[in-house]
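Residue 1 is where the sequence shown starts when you use UniProt numbering, and the numbers rise one by one after that. Reading through the structure tokens given below for one structure.
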Amino acid sequence: MQNSSDTTLSTSISRWRTARKIILGSIILAGSMATSAALLQRYAGTNCKAQRTVAERGYTYSGIGAVIQQRGEFVVVRDVLPGAPADGVLREGMHLVSVDGMYPVSVEDWAAALRGPAGTSVTIEVATRCSGHKFVTLDRQLIRVQK
């Protein structure tokens, strides 16, 4: 038979476990909310109109319409959006070498360099296996991405 101190200890441990589950659940929920907010901020910046657009399953930005990714030590074109300035100029697999005379290192730096106000131009040096290096100049425009 359990005595009073064993019952008290068992009740305290049970309460502690329940409190721990609630706290851990709160931490996970807060982390998920922070991650969602960070993603929303990353895609939309501080523009409230752009944040609403992201929330509606798409987003708008000003750039060339090329989807890029890190592949080993290189940043390459993964895809080109139809009708975008890069359509018909850049192709999947092209290595990005420089942009406006700068040599970004990370994919984030490349994305920032390729984006800019609509109507402005950007000169990109690209490399391909067969045709070597070339420079292309594209005019940025408003790109609408629907999910």
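Ideal placement from N, C-alpha and C gives every residue a C-beta, glycine not left out. Quick caveat: nothing in here was measured; it's all calculated off a predicted structure.
Look at the alpha carbon of residue i and the alpha carbon of residue j, and state the distance between them as a whole number of angstroms.
| i | j | result |
| --- | --- | --- |
| serine 121 | aspartate 109 | 17 Å |
| glycine 101 | valine 80 | 22 Å |
| cysteine 130 | valine 76 | 15 Å |
| arginine 140 | alanine 86 | 9 Å |
| glycine 93 | arginine 144 | 23 Å |
| arginine 115 | valine 99 | 11 Å |
| glycine 72 | isoleucine 23 | 40 Å |
| serine 5 | tryptophan 16 | 16 Å |
| asparagine 3 | serine 14 | 17 Å |
| lysine 21 | glycine 88 | 55 Å |
| isoleucine 64 | serine 106 | 18 Å |
Residue range of the beta strand (DSSP E) that residue i falls in?
| i | result |
| --- | --- |
| isoleucine 68 | 66-71 |
Residues in its own chain within less than 6 Å of residue i by CB, not counting five upstream and five downstream?
| i | result |
| --- | --- |
| proline 82 | none |
Taking 9 Å as the threshold (C-beta atoms), are residue j and residue i in contact?
| i | j | result |
| --- | --- | --- |
| arginine 142 | threonine 18 | What sits at residue 142 in the sequence shown is leucine, not arginine. Against a cut-off of 9 Å, the Cβ pair of threonine 18 and leucine 142 comes out as no contact. |
| tyrosine 137 | threonine 128 | In the sequence as presented, tyrosine is not what sits at residue 137; that position holds threonine. In this structure, threonine 128 does not lie closer than 9 Å to threonine 137 by Cβ. |
Give me, in chain order, the residues of the same chain whose beta-carbon lies closer than 7 Å to that of residue i; leave out the 5 immediate sequence neighbours on both sides.
| i | result |
| --- | --- |
| arginine 78 | Val67, Ile68, Gln69 and Glu92 |
| glycine 125 | The displayed chain sequence assigns glutamate, not glycine, to residue 125. Taken in chain order, the residues that qualify are Val97, Ser98, His133 and Phe135. |
| histidine 95 | Phe74, Val76, Val126 and Ala127 |
Only counting the same chain, and skipping five residues up and downstream in sequence, which positions put a Cβ closer than 8 Å to that of residue i?
| i | result |
| --- | --- |
| residue 171 | Nothing about residue 171 can be read from this structure; the chain reaches only from 1 to 147. |
Any beta carbon from chain B within less than 9 Å of residue i's own beta carbon?
| i | result |
| --- | --- |
| threonine 137 | Although the question refers to chain B, the structure presented lacks it and comprises just one protein chain. |
Quick one: which unbroken beta strand (DSSP E) runs of 3-plus residues sit fully inside the segment 73-145? Chain order, please. 74-80, 95-99, 121-128 and 132-139
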